[in-house]
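Residue numbers (our numbering): 1 to 77.
The structure under discussion appears below in the form of structure tokens.
Structure below.
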């Protein structure tokens, strides 16, 4: 068995999804594994962006300018 420093993941895909991934990997000249990794990485980045955007929107709703602390007040300047 070959040792690896990176964790591995086994995924079961439906045939159409597998074929799409296979076509994309071939088009980009990469292995299925690397293409899947890159797509998962992109999807996670999008997911995180969406999460933080929603979080910022919720914070904006509760923002009150008169409650904001100045830099001077926070850092005792």
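Ideal Cβ placement from N, Cα and C applies to all residues, glycine included.
In this text, all values refer to a predicted model and were calculated from it rather than measured experimentally.
Does DSSP put residue i in a helix, in a strand, or in coil?
i, result
"residue 8", "coil"
"residue 74", "helix"
"residue 15", "helix"
"residue 39", "helix"
"residue 44", "helix"
"residue 66", "helix"
Residue i: which of the options sits nearest, CA to CA?
i, options, result
"residue 12", "54, 32, 48 and 43", "32"
"residue 25", "5, 36 and 6", "36"
"residue 9", "34, 50 and 58", "34"
In angstroms, rounded to a whole number, what distance separates the CA positions of residue i and residue j?
i, j, result
"residue 53", "residue 20", "30 Å"
"residue 76", "residue 69", "11 Å"
"residue 51", "residue 44", "10 Å"
"residue 15", "residue 49", "30 Å"
"residue 22", "residue 55", "36 Å"
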